[in-house]
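Colleague: Structure in structure tokens, see below.
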Amino acid sequence: NFFLKVPYMAGMFGFHALNKTLFDVAFGAEHDPAVLQRRELASALLVGVETSLLLSPLELVRIQGQNCGRGGLLEAGRYAWREIGLRGLFTTGMHACMQREAKYCLGQFFAIGAMNKALGDWSRRHRSDYRLARHLDDSSTARTLASSVCVGFLCTIVSHPDDVIKTRQQTRIAATAGPGQNHYHSFFGALLHVARTEGVTSLFKGSIWRCCVRVPIGLALINTFHP
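Under our numbering, the first residue of the sequence shown is numbered 6, with each subsequent residue one higher.
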């Protein structure tokens, strides 16, 4: 898990900074807030794709070790290599991972800032009307925490089915090796299979911990200490 999270977090912020630099090089430096906002949105979506290229193979190895008893990092990695090869390491669960990370990064790098700004505007307008508005206007930390928790919950709940499908695909690596009768070969095929055979609610299994605790608190900590 350590070898997964450290490069993931470093890569996520690194890719975001790189994307914005490349936008400036390609299209010129920009100071118009509307244009900067569009670039921020585009960069956030790109980061979801870029980090997935790094994250998905690492998560596959972790899942094989933790969920399937294939041993530690090296043992699980060797097992996955033997079963599905290098191409399989980079394709199994990749689509689902990109779907999940794009939504998460959209929240981290765009929606939290947009909500924070909206809360700031609202609190200034209604400072004299509501105690909550006065507290939010006085405390940028409170606005950041509220934005991070709310956006973290919303982005996680809409991306949780992607996480369920990715985990199913990366747990059943032998079953995703080719098309045919297996139901986990493609992202949309797996999504429809689980919804039809187990019900739509199965796509949200385990969502309480991820949506209400892990991601919102993580985003709150990241954005409080790394605004």
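Each residue gets a CB set at the ideal place from its N, CA and C atoms; glycine is no exception.
Would you mind working out which of G118, F115, S145, F114 sits nearest R129, comparing C-alpha positions?
Modeller: The option with the nearest alpha carbon to R129 is S145.
Colleague: Can you name, in chain order, every residue of its own chain whose Cβ lies under 7 Å from the Cβ of K25, other than the five neighbours on each side?
Modeller: The residues are R44, S48.
Colleague: Taking the straight line between their C-alpha atoms, what separation do you get for C102 and R215?
Modeller: Answer to the nearest angstrom: the Cα atoms are 15 Å apart.
Colleague: Report the rounded CA-to-CA distance for G185 versus G194, giving the unit in angstroms.
Modeller: Bear in mind that the predicted position of G185 carries a pLDDT of just 49, short of 50, making it too unreliable to give a figure here.
Colleague: Assuming V156 and G112 are in contact, meaning their beta carbons sit under 8 Å apart, how far apart are those beta carbons, in whole angstroms?
Modeller: V156 to G112, Cβ: 5 Å. Contact.
Colleague: From the DSSP output, in three-state form, read off H140 for me.
Modeller: Looking at H140 - three-state DSSP - the assignment turns out to be helix.
Colleague: Does the structure place the region 132-147 close enough to the region 80-94 that three or more beta carbon pairs sit under 8 Å?
Modeller: No, because fewer than three Cβ pairs between the region 80-94 and the region 132-147 fall closer than 8 Å, the two stretches do not touch.
Colleague: Please work out which residues of its chain come closer than 7 Å, Cβ to Cβ, to P12, disregarding the five sequence neighbours upstream and downstream, and give them in chain order.
Modeller: L59.
Colleague: Looking only at its chain, what residues have a beta carbon closer than 7 Å to the beta carbon of Q174, apart from the 5 residues adjacent to it on each side?
Modeller: Counting only Cβ-Cβ distances below 7 Å, and skipping sequence neighbours, we find T97, G98, A101, T181, Y189, A195.
Colleague: Please name the residue in Q104, L141, E106, L137 whose C-alpha comes closest to that of N121.
Modeller: Measuring from the Cα of N121, the nearest candidate turns out to be L141.
Colleague: With a threshold of 16 other CB atoms inside 10 Å of the CB of K171, please say whether the residue is buried or exposed.
Modeller: K171 should be labelled buried.
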